[in-house]
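Novice:
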Amino acid sequence: MNKTLKIVLVIISGIVLSALIFGAGLFVGRNNLGLAGYGPTGMMSWGSENNKFGYTMMGNGYNRMGGYQPGNIANVKPLTVDQAKQAVENYLKKLNNADLEIKEIMVFDNNAYARITEKSTGIGAMELLVDPTSLSVFPEYGPNMMWNLKYGLMNGAGGMMGGRTGMMGGYTSTSSSTSATMTVTSDQAVQFAQQYLDQQFPGYKAATDPDPFYGYYTIDILKDGNPTGMLSINGYNGQVFLHTWHGTFIEMWE
């Protein structure tokens, strides 16, 4: 098999794997977490038709920020900050990258969320989830996989699933050529997030201190000054992606 054909097959395999994993993430978000709505969440561009009927996180009926408890995990005890932190620390040790550190832990009733940053730059490297029943740690769905230009799923050998050096292979990206500079500024990201919330979930506010990653921002969603969830903004086209899998916020550490 010639080199060109091998490269083509690798690219095709990567795309197929990306679709399967991303689809699995949305499946878990809809079925495991008991989310309900009128259409897929997916990558959403503010103001487009597919935003109008996405899964609700805040409001009445079947929602996640309104306190709806999915039946299949109603009896699962949420993690503590210490439990989540220990699980993530053990996970990071396996990655063998001394430049990575835990910057934030947020505990929800469905899972715990961890924001991992680079010590050398302060830029977000990856977002992780911790399962409350097994304490297993895994990459968060959505932008963390699809928009992350340095540590994400589509970053070839250096990404999350990139074989020997991928996140699932025990190592993270060592590339130093990926720029953290994005065409969408942090102020614009907050603006896009607030426009989306005003349209879809009036009364909720976007935090004014977005967390930058390589290719996107993640922003906390607030109600009466308290965290209720989060969304991400693409750093190049301003697309909005609502995180639908966390559940009700409990506590945080940073």
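In this note's numbering, the protein residues as written are 2 to 255.
Note that CB positions come from ideal geometry on N, CA and C, so glycine has one too.
Let me confirm a value: threonine 209 is counted as buried when at least 16 other C-beta atoms fall within 10 Å, else exposed. Which label applies?
Specialist: As a working mapping, residue 209 is identified with position 208 in the sequence shown. Its Cβ having fewer than 16 others within 10 Å, threonine 209 is exposed.
Novice: Return the CA-CA distance between threonine 179 and valine 82, expressed in angstroms with no decimal places.
Specialist: The count along the sequence shown starts at 1 and reaches residue 179 at position 178. The count along the sequence shown starts at 1 and reaches residue 82 at position 81. Each residue's alpha carbon lies about 32 Å from the other.
Novice: Going by C-alpha distance, which of Ile251, Phe242, Leu150, Val77 is nearest threonine 1?
Specialist: Residue 1 cannot be examined here, being either before or after the span of the chain that is shown, 2 to 255.
Novice: Per DSSP, what are the beta-bridge partners of proline 140 in this structure?
Specialist: For the purposes of this step, residue 140 is identified with residue 139 of the sequence shown, where counting begins at 1. Leu129.
Novice: How many whole angstroms separate the CB atoms of phenylalanine 109 and threonine 245, which I take to be in contact at a CB cut-off of 8 Å?
Specialist: For the purposes of this step, residue 109 is identified with residue 108 of the sequence shown, where counting begins at 1. For the purposes of this step, residue 245 is identified with residue 244 of the sequence shown, where counting begins at 1. Actually they do not touch by this definition, with Cβ atoms about 11 Å apart.
Novice: If you drop the 5 nearest sequence neighbours on each side, which residues of the same chain put their C-beta closer than 8 Å to that of threonine 122?
Specialist: As a position in the sequence shown, residue 122 is number 121, starting the count at 1. Same-chain partners within the cutoff: Ala181.
Novice: For tyrosine 231, which residues from the same chain have a beta carbon less than 7 Å from its beta carbon, with the 5 sequence-adjacent residues on both sides left out?
Specialist: Working through the sequence shown from its first residue, we reach residue 231 at position 230. Looking at the sequence provided, one finds methionine at residue 231 rather than tyrosine. Here the set comprises Thr219, Ile220, Asp221, Ile222, His244.
Novice: Looking at the secondary structure, which residues open and close the beta strand (DSSP E) in which asparagine 235 lies?
Specialist: Here the question's residue 235 lines up with position 234 in the sequence shown. In this chain, the beta strand (DSSP E) harbouring asparagine 235 covers 227-235.
Novice: Kindly list the residues whose CB is nearer than 7 Å to the CB of valine 77, restricted to its own chain and excluding five residues on each side of it in sequence; keep chain order.
Specialist: Within the sequence shown, residue 77 is the residue found at index 76, counting from 1. Answer for valine 77: Pro133, Thr134, listed in chain order.
Novice: If we count the other Cβ atoms within 10 Å of its Cβ and call it buried at 16 or more, is serine 233 buried or exposed?
Specialist: Here residue 233 refers to the residue found at position 232 when the sequence shown is read from its first residue. By the 10 Å Cβ count, serine 233 comes out buried.
Novice: Which residue marks the beginning of the beta strand (DSSP E) containing aspartate 110, and which one marks its end?
Specialist: Counting from 1 along the sequence shown, the entry for residue 110 is found at position 109. Unbroken run through aspartate 110: none, as it is neither H nor E.
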